[in-house]
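Q: Structure provided below as structure tokens; questions to follow.
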Amino acid sequence: KNQLSERGLVSEAWGGETIFVEVSAKKKTGLDTLLEMILLQAEVLELRASPERLARGIVLEAKIDRGRGPVATVLVQNGTLRSGDPFVVGTYSGRVRALFSHAGRPIKDAGPSIPVEVVGMLGVPMAGQEFVVTKDERIAREIAESRLHKLRTAEMAPVRKVTLDDLFSQVKEGTVKELGIIIRADVQGSAEALADAIERLSAEAVKPNIVLKGVGGITENDVQLASASNAVIIGFNVRAEAKAAALAEREGIDIRSYSIIYEALNDIRSAMEGLLDPTFKERVVGRAEVRKVFMIPKAGAVAGCYVTDGAITRASAGIRVVRDGVVVYEGKIGSLRRFKDDVKEVQAGYECGISVENFNDVKAGDRFEVYALDKVLGKL
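Following this line, the structure appears as structure tokens:
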């Protein structure tokens, strides 16, 4: 309630005008009260629908049914929807071939506030699109064609040319890496929900790029698009057609199928993290104290040292020369000896001779710090 009040929705119990109803679908509590409050609010606002008008509603969900083709679940908001009515929804037009109730039983018509499955779509509409019945099929077709033309015109708008200045700017700023993703789901709502969740995984250094999202099984066209755009294919409650699976294997395209959205998101997050450049964490592996310095012809300064901590390793990432608590040089180990023998490692408690590449200003009392760099994989 506190968070909602910050958004201007103040409960009636707190002196506001917003009706609050506590419900739990899991415990099945408060649902009757919620329905009562909806009816009360509709009465107060004098919301009325005319069953005599041409039907108008909203698409709640859409999918492809193997036996019936594209099917949309529509909530009728006004008028009465009847079998045989011409309609337009998004860029698709059609005529209602059949209506089914929420229980799956065929019905002849559906009035205001009734959810109904509509068969007769030419394609799969988007959830949230308006469903409108027209006087005749010609009007519906003209509206759909006009919308499709506008959509294609927008998609074919000229792409801004990339100049050398743009490329130089990208190099200076660092190129953002992308993971191309094609989404196929059993229903439109699932495709939209998965795409939205994937978009929220976006980070500064790596971003998901939803190349395509749609309803239905994974086809050869999807595999060809994935190959051209270097994308992975995510199927949610759908599977790849046999030809598509064979083509994906030949092209080396990764197809993943899921029935739980969180499993899909976890795998996509891991894939995006794999695109991140690793960082390196420094780890001190050994320390030594310089007790005497020897000047060797052709070799330069060799420090006679006593290893105080850890181990001095020849293959370490680097070495620091510390004098009076200040780092005076950082570089690579030139040589590591025990008596006259070259060695790979000297443990704590032993003496050794150490030379530092390109540095001869070593003094007795200096301390050497030898470190390794551990690779740390990127995390979102």
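Using the working numbering, the first residue of the sequence shown is number -8, and each one after it goes up by one. Note that the Cβ used here is the ideal one computed from N, Cα and C, for glycine as well.
List the endpoints of the continuous alpha helix (DSSP H) containing ARG241.
A: 233 to 242 is the extent of the alpha helix (DSSP H) around ARG241.
Q: For ILE130, which of helix, strand or coil comes out of DSSP?
A: Helix, per DSSP.
Q: Among GLY119, ARG47, VAL298 and ARG314, which has the Cα closest to the Cα of GLN179?
A: For the residues GLY119, ARG47, VAL298 and ARG314, the minimum Cα distance to GLN179 belongs to GLY119.
Q: GLU13 by DSSP, collapsed to three states: which one?
A: Of the three classes helix, strand and coil, the one that applies to GLU13 here is coil, per DSSP.
Q: Please classify ASP41 as buried or exposed, where buried requires at least 16 neighbouring CB atoms within 10 angstroms.
A: For clarity, residue 41 is Ser in the given sequence; the question names Asp instead. SER41 comes out exposed.
Q: Leaving out five residues on either side along the sequence, give the residues of the same chain with a beta carbon under 7 Å from the beta carbon of GLN161.
A: At GLN161, the pLDDT of 44 sits below 50, so the modelled position is not reliable; the number obtained from the coordinates is stated separately. Taken in chain order, the list of residues that qualify is empty.
Q: Jot down the residue ranges of each uninterrupted beta strand (DSSP E) in the region 179 to 235, minimum 3 residues, whole runs only, in chain order.
A: Runs found: 197 to 206 and 222 to 227.
Q: Using CA coordinates, which residue listed in SER218, SER250, ALA239 and ASP213 is at the minimum distance from VAL229?
A: Minimum Cα distance to VAL229 is reached at SER250.
Q: Indicate the three-state DSSP secondary structure (helix, strand or coil) for VAL337 in the structure shown.
A: Of the three classes helix, strand and coil, the one that applies to VAL337 here is strand, per DSSP.
Q: Residue range of the beta strand (DSSP E) that GLY70 falls in?
A: No beta strand (DSSP E) holds GLY70; DSSP gives it neither H nor E.
Q: State the DSSP-derived secondary structure class of GLU34, mapped to helix, strand or coil.
A: Looking at GLU34 - three-state DSSP - the assignment turns out to be helix.
Q: Hey, ILE225 and ILE303 are a contact pair by Cβ (cut 8 Å); roughly how many whole angstroms apart?
A: About 50 Å; that fails the 8 Å criterion.
Q: I'd like to know whether the C-beta atoms of GLY171 and VAL110 end up nearer to each other than 9 Å.
A: Contact: no.
Q: Could you give the distance in angstroms between the alpha-carbon of GLY208 and the alpha-carbon of ALA63?
A: Cα-Cα distance, rounded: 17 Å.
Q: What is the DSSP secondary structure of MET112, reduced to helix, strand or coil?
A: DSSP places MET112 in coil when its eight states are reduced to three.
Q: Rounding to the nearest angstrom, what Cα-Cα distance links VAL298 and VAL319 in this structure?
A: Taking the straight line from one Cα to the other gives about 19 Å.
Q: Taking 6 Å as the limit between beta carbons, can you name the residues of its chain near ARG358, skipping five residues before and five after?
A: Excluding residues within five positions, the ones whose Cβ falls inside 6 Å are GLU280 and VAL313.
Q: Look up LEU327 in the DSSP assignment and give the residues it is bridged to.
A: According to DSSP, which records beta bridges pairwise, LEU327 is partnered with ILE345.
Q: Which residue's Cα is closest to the Cα of GLY114: LEU139, ALA101 and PRO103?
A: If we check each option's Cα against that of GLY114, LEU139 comes out closest.
Q: If I measure Cβ to Cβ from VAL337 and keep anything under 7 Å in the same chain, skipping five residues before and after, which residues do I get?
A: Hits under 7 Å: VAL298, ALA302, ILE303, LEU327, ARG329 and CYS343.
Q: With distances taken from CA atoms, which of SER104, ASP332 and ARG88 is nearest PRO97?
A: For PRO97, the nearest C-alpha among the options comes from ARG88.
Q: In whole angstroms, what is the alpha-carbon distance linking LYS366 and LEU266?
A: The alpha-carbon atoms of LYS366 and LEU266 are separated by roughly 14 Å.
Q: If you follow the alpha helix (DSSP H) that ILE259 is part of, which residue opens it and which one closes it?
A: Its alpha helix (DSSP H) spans residues 252 to 266.
Q: Cβ of ILE324 within 9 Å of Cβ of LEU256?
A: Not closer than 9 Å, so no.
Q: To the nearest whole angstrom, what separates the beta carbons of LEU22 and PRO106, a pair I think is in contact under 8 Å?
A: Not a contact, Cβ separation roughly 16 Å.
Q: Expressed to the nearest angstrom, what Euclidean distance is found between the alpha-carbon atoms of GLN68 and GLU(-3)?
A: Cα to Cα, GLN68 sits roughly 31 Å from GLU(-3).
Q: Using the C-alpha atoms, what's the distance from ALA262 back to ARG412?
A: Because the chain in this structure spans residues -8 to 371, residue 412 falls outside the shown range and cannot be described.
Q: With a CB to CB cut of under 8 Å and the five nearest residues on each side skipped, what residues in its chain are close to ASP100?
A: Cβ within range, chain order: THR71, LEU72, ARG73, SER74 and LEU90.
Q: Rounded to a whole number of angstroms, what is the C-alpha to C-alpha distance between VAL35 and ALA135?
A: Computed Cα separation, rounded: 37 Å.
Q: Who are the near neighbours of ALA16 in its chain, counting only those whose CB is closer than 8 Å to its CB and skipping five residues on each side?
A: These residues qualify, in order along the chain: LEU22.
Q: How many Å lie between ASP258 and ALA53 at the Cα?
A: In a straight line, the C-alpha of ASP258 is about 26 Å away from that of ALA53.
Q: Measuring alpha carbon to alpha carbon, tell me which of GLU133, GLN32 and GLU232 ends up nearest GLY81.
A: Out of GLU133, GLN32 and GLU232, GLU133 has the C-alpha closest to the C-alpha of GLY81.
Q: Check whether the Cβ atoms of ALA182 and PHE227 sit closer than 9 Å, and answer yes or no.
A: Result yes, Cβ atoms of ALA182 and PHE227 sit closer than 9 Å.
Q: Going straight from the alpha carbon of ILE246 to that of LEU142, what length do you get?
A: For ILE246 and LEU142, the distance between alpha carbons rounds to 29 Å.
Q: If you draw a straight line from the alpha carbon of SER2 to that of GLU37, how long is it in whole angstroms?
A: C-alpha separation (whole angstroms): 22 Å.
Q: Work out the CA separation of LEU0 and GLU8 for me, nearest whole Å.
A: Each residue's alpha carbon lies about 8 Å from the other.
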